[in-house]
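Working notes, structure below.
Chains as they are written, first to last, in the numbering used here: chain A, 25 to 428; chain B, 3 to 253.
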C-alpha cells in the first residue's frame, strides 16, 4: 500500500512505445515491509476467536490486510512479468505466469490436505451434546470422494482458505491483462474497472460447494490486483502529484476518521442512531466478497497517508527493527502458506492445551516468530544457493519485493 | 457535587445489588459475561405487554436453541425466569425450532406464527445454518430484514441472537461474516443484538465453562442454556424498563 508515489519509473503516459525503463537499482523495501505486516495480520485474523486480532486494521476501518496483500501482489506480479514480457515476449511471460499459478494451486492443495488431517482428527475425537448442530459440518467427511474432487476444483474451500484460490484465478487471468497494460495502461485499468462494474451489475461470481459463491469474488477483486499492477508500471507516477497534494491528504484523513467512527457504532450499537438513516441504507452491507467501493476507498486513503509519511528512502526501513517484517514480505507465498498452517496449528493447540487469553497471546507471538525464523532461513538458502556454482543469478523480481 | 456523587453511588449500589440478586438465584457463572449484554434499544411492545399483564414471546431458532430435554433449553429457562420476575403477568414463551433451515426458509413460518400468536417479542436465533452451508451473507441479510420488518409491522419487538460459540468447529464454519451480517442488520433496524457468540467466547476464555470438553453428559449444556435464558430475560426486562424517550438508543 506504500508504493504508489514512488514506484519504479515506467513508460511516460504520452509515449506509445510499450517498453518500460529499467527500475532503479535499489529495492523498494516498503513493499516488503507492508506485505510482511499484512501476512502477520492475516495470520492473526485467521486464528479463530483470537484476542490478539483486535490489533489488526480490520477492526478500525472498512478494509483489512487482504487489500494490502492483493494490491502488493498485483504490483510485484506486474513488475516481474511485465519485464519478462518485454524482454522475452508474450509467450514466455504467459507461460511463467501460468507456472506461478500452478505453484500456488499446488500450495493450496497441500494446505488442504493438512486441514483435512486436522479436522478428521477433531471430528472423531470430539463429542458434546451442546454442539450437536455444529457437528453436522463433519458430514462432508462421510463423502470424501465428492469433497476431494470439489476441493481440487477449488469449489470446496474451508474457512480461511479463500485467499489462495483468489490468487490462483488472478494469476491465471493475468497474462492478457499485462499484455494490454504494457501497450496502454489507461485502457487496461479501465478494462479492469469495467469487469468490476459488470461483476456488480450481473452478480458474476464463481460457484462454491456445497452452495453459495466464492468468498473473494475474483471478478471484483481483480480490480485491486490490476490497480496494483497499473501502479507498478507507471500509474503510480501519474498519481504522484495527486497523492502528495494537501487536498488528498485531507480527504484521506477525513475518510479514515469517518470509517473509524462508523466501525465504532458496530461495537457500541447505542450510538448507531447518530448515523443518518439514508447513510446507513446506502452504505450497508459493506461487501467484502465483491470488494465494496467503500473498502477500496479505505485502502486508497491508507495508501495516501502511508506514502506521505513513509518515503521510499526512509532510513528506518533499513533498521533491524523492521527487518523481520521485511524478510517475511520477501517470501510472501511461502510465509502466507506457513501462516495458514500455523493458524490451523494454533487453533488445534488452543483446543488441546488451553483457550485462555494468555494462551492466545502466546500462540500468536510464537506463530509470528516461526514465520520470521522461516523467512530468515529461506533468505539464507537463497543466499547460499545464489553463490553455489551453476545457479542462476537472482531474479529481477527481488527489486520489487520478492516473488510475485 | 457531593449530592451527585452520592446519587450515582446509590444508583450503582442498587443496580449492583439487583444484578447480584438476579444471579444469586441462578448460576453465579452467568454473571461473568453480563457486561456483554446491553439494552441498546427500548422494547416498547414488551413494556406495553407487561403493563397489560400478558407477555407472549416467540423464539425462532435452529438446533442450538434446543436440547434433548427442552425444559432445560434456554427458551424454557427464559419463560421460567420471566414468570418469576413478573408476578401477575401471564408469560408465555413459544418456540419454533427448525434444525438445518436457513433464515430464508424460516421466513414464511415466522410470518404465520406472528399472525396467529401476535407476540410482543420475537427472539430470532439465526446464522448457524447459513454459516455451515456457506449461503451468501447478502441473501441472509435480506431474509433477516424481511423477517424483522414483518414482525415490526405486526407490532412485535425483535431481538436477534447470533450463533453459539463452538470452538471445535471454528476451522470448518466461518462464523464472522454471518455474525457481522446480523450485527449490521440489527444496527440498521435499531434492534437489540443478543451476542451469544461473544458471551460464550468470554466464558471459554475465562474458563467459566469448558467448551472443549469431550463428553456425552448434559450438565454443561444445561448450565449454559440456563445462563443464556437468564441473561436474555434480564436483557428483556431492562430494555422494557428504559424510558420511552430512549426509544432510539441514547437520542
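All C-beta atoms in this analysis are idealised placements derived from N, C-alpha and C, irrespective of residue type, glycine included. Fair warning: this is a prediction, and the values are worked out from it, not measured in the lab.
Is there a C-beta anywhere in chain A that falls below 9 Å from the one on residue i?
i: residue 243/B; result: no
i: residue 164/B; result: no
i: residue 15/B; result: Any reading at residue 15/B is ruled out, since the residue's pLDDT is 48, under 50, leaving its predicted position unreliable.
i: residue 237/B; result: no
i: residue 1/B; result: A query on residue 1/B cannot be resolved here, the shown segment of chain B reaching from 3 to 253 and no further.
i: residue 234/B; result: no
i: residue 252/B; result: Caution applies to residue 252/B, whose pLDDT of 43 falls short of 50 and renders its modelled position unreliable; the value that the coordinates give is listed next. Output row for residue 252/B: interface = yes.
i: residue 98/B; result: no
i: residue 184/B; result: no
i: residue 102/B; result: yes
i: residue 180/B; result: no
i: residue 176/B; result: yes
i: residue 57/B; result: no
i: residue 42/B; result: yes
i: residue 161/B; result: no
i: residue 24/B; result: At residue 24/B the pLDDT is 47, less than 50, meaning the model places this residue with poor confidence and gives no usable figure here.
I'd like to know if residue i contacts chain B, where contact means its C-beta is closer than 9 Å to some C-beta of that chain.
i: residue 362/A; result: no
i: residue 297/A; result: yes
i: residue 221/A; result: no
i: residue 336/A; result: no
i: residue 322/A; result: no
i: residue 94/A; result: no
i: residue 138/A; result: no
i: residue 294/A; result: yes
i: residue 374/A; result: yes
i: residue 133/A; result: no
i: residue 309/A; result: yes
i: residue 313/A; result: yes
i: residue 25/A; result: Bear in mind that a pLDDT of 39 at residue 25/A, under 50, signals an unreliable position, so the number given afterwards is only what the model happens to contain. Closer than 9 Å: no.
i: residue 90/A; result: no
i: residue 225/A; result: no
i: residue 305/A; result: yes
i: residue 424/A; result: Model confidence at residue 424/A stands at a pLDDT of 45, short of 50, so the residue's coordinates are unreliable and nothing is read from them.
So residue i is in the alpha helix (DSSP H); what residue range does that whole segment cover?
i: residue 163/B; result: From DSSP, residue 163/B is part of no alpha helix (DSSP H) but of the beta strand (DSSP E) over 159-163.
i: residue 331/A; result: 317-333
i: residue 228/A; result: Run containing residue 228/A: none; DSSP gives neither H nor E here.
i: residue 435/A; result: Nothing in the structure corresponds to residue 435/A, since chain A is present only between 25 and 428.
i: residue 190/B; result: 178-190
i: residue 127/B; result: Here residue 127/B belongs to no alpha helix (DSSP H); instead the beta strand (DSSP E) covers 123-127.
i: residue 139/B; result: 139-155
i: residue 118/B; result: 105-119
i: residue 203/A; result: 198-207
i: residue 220/B; result: Taken as a continuous stretch (DSSP letters only), residue 220/B belongs to no alpha helix (DSSP H), as it is neither H nor E.
i: residue 173/A; result: 168-176
i: residue 156/A; result: 156-159
i: residue 36/B; result: Taken as a continuous stretch (DSSP letters only), residue 36/B belongs to no alpha helix (DSSP H), as it is neither H nor E.
Does any residue of chain E have a CB that is nearer than 9 Å to the CB of residue i?
i: residue 406/A; result: The displayed structure is made up of protein chains A and B, and chain E is not among them.
Locate the beta strand (DSSP E) running through residue i, then write down its first and last residues.
i: residue 85/B; result: From DSSP, residue 85/B is part of no beta strand (DSSP E) but of the alpha helix (DSSP H) over 76-87.
i: residue 76/A; result: Run containing residue 76/A: none; DSSP gives neither H nor E here.
i: residue 58/B; result: 56-63
i: residue 92/B; result: 92-99
i: residue 195/B; result: 194-196
Does the distance between the C-beta of residue i and the nearest non-hydrogen atom of the ligand COA fall short of 8 Å?
i: residue 205/A; result: Annotation note on the ligand COA: not contained in the displayed structure, which lists no ligands.
Quiz item: What residues in the region 141-157 of chain A bring their beta carbon closer than 8 Å to a beta carbon of chain B?
Solution: Here the close residues are 142, 143, 146, 149, 150, 151, 152, 153, 154, 155, 156, 157.
Exercise. State whether the region 187-194 of chain A contacts the region 189-203 of chain B, with contact taken as three or more CB pairs (one from each stretch) at a distance under 8 Å.
Key: Contact between the region 187-194 of chain A and the region 189-203 of chain B is not established, with fewer than three Cβ pairs separated by less than 8 Å.
Quiz prompt | Proximal residues, the region 379-405 of chain A versus chain B, C-beta separation under 7 Å | solution = So the close ones are 379, 380, 381.
Quiz prompt | Against chain B: residues of the region 57-82 of chain A by CB proximity under 8 Å | solution = Answer set for the region 57-82 of chain A: 72, 73, 75.
Exercise. Quick one: which unbroken alpha helix (DSSP H) runs of 4-plus residues sit fully inside the region 78-129 of chain A? Chain order, please.
Key: Counting whole runs of 4 or more residues, the region 78-129 of chain A contains the alpha helix (DSSP H) stretches 89-112.
Quiz item: Quick one, which residues of the region 155-184 of chain A are near chain B if we go by CB-CB under 8 Å, in chain order?
Solution: Taking 8 Å as the Cβ-Cβ cut-off against chain B, the residues of the region 155-184 of chain A that qualify are 155, 156, 157, 158, 159, 160, 161, 162, 182, 183, 184.
Quiz item: If contact means a Cβ-Cβ distance below 7 Å, which residues of the region 140-155 of chain B contact chain A?
Solution: Along the region 140-155 of chain B, going in chain order, the ones with a CB nearer than 7 Å to a CB of chain A are 140, 143.
Quiz prompt | Inter-stretch contact at 8 Å, needing at least 3 Cβ pairs: the region 298-312 of chain A / the region 206-225 of chain B | solution = As far as the Cβ criterion goes, the region 298-312 of chain A does not touch the region 206-225 of chain B, which means the pair count is below three.
Quiz item: Would the region 93-102 of chain A and the region 69-85 of chain A be scored as touching if the rule is three or more Cβ pairs under 8 Å?
Solution: Inter-segment contact for the region 93-102 of chain A and the region 69-85 of chain A is absent: fewer than three beta-carbon pairs are separated by less than 8 Å.
Exercise. Give a yes or no on contact between the region 134-149 of chain B and the region 101-110 of chain B, applying the rule of three or more CB pairs nearer than 8 Å.
Key: As far as the Cβ criterion goes, the region 134-149 of chain B touches the region 101-110 of chain B, which means the pair count is three or higher.
Quiz item: In the region 107-133 of chain B, which residues sit with their C-beta less than 7 Å from some C-beta in chain A, listed in chain order?
Solution: Correct list: 130.
Quiz item: Unbroken alpha helix (DSSP H) runs of length 4 or more, entirely within the region 336-387 of chain A: which are they?
Solution: Taken in chain order, the complete alpha helix (DSSP H) segments of 4 or more residues contained in the region 336-387 of chain A are 347-353, 356-376.
Exercise. Indicate whether the contact test is met: 3 or more Cβ pairs, each with one atom in the region 316-328 of chain A and one in the region 366-375 of chain A, closer than 8 Å.
Key: Counting C-beta pairs closer than 8 Å gives fewer than three between the region 316-328 of chain A and the region 366-375 of chain A, which falls short of the contact rule.
Quiz item: Along the region 233-253 of chain A, what residues have a CB closer than 7 Å to any CB found in chain B?
Solution: Against chain B - using a Cβ distance shorter than 7 Å - the residues of the region 233-253 of chain A are 234, 235, 236, 237.
Exercise. Compile a chain-ordered list of the residues in the region 196-227 of chain B whose CB is closer than 7 Å to at least one CB of chain A.
Key: From the region 196-227 of chain B, only 203, 206, 207, 209, 214, 215, 216, 217, 218, 220, 222, 223, 226 have a Cβ closer than 7 Å to chain A.
Quiz item: If you scan the region 248-303 of chain A from start to end, which runs of the alpha helix (DSSP H) of 4 or more residues do you find wholly inside it?
Solution: Counting only runs of 4 or more, we get 260-268, 270-291.
Quiz item: Touching or not, the region 142-150 of chain A and the region 159-175 of chain B, by the rule of three or more beta carbon pairs under 8 Å?
Solution: The region 142-150 of chain A is in contact with the region 159-175 of chain B.
Quiz item: Below 8 Å, can you find three or more Cβ-Cβ pairs linking the region 163-172 of chain A to the region 230-241 of chain B?
Solution: Segments in contact, no.
Quiz item: Is the region 351-363 of chain A close to the region 129-143 of chain A, with three or more CB pairs under 8 Å?
Solution: The region 351-363 of chain A vs the region 129-143 of chain A: in contact.
Quiz item: Between the region 240-253 of chain A and the region 283-293 of chain A, are three or more C-beta pairs nearer than 8 Å?
Solution: The answer is no - the region 283-293 of chain A does not touch the region 240-253 of chain A, with fewer than three Cβ pairs under 8 Å.
Exercise. Residues of the region 278-292 of chain A with a CB closer than 7 Å to any CB of chain B: list them in chain order, please.
Key: Here the close residues are 289, 290.
Self-check item: Validate contact between the region 341-357 of chain A and the region 157-166 of chain A using beta carbons, cut 8 Å, 3 pairs
Solution: In short, these stretches do not touch, since the Cβ pair count stays below three.
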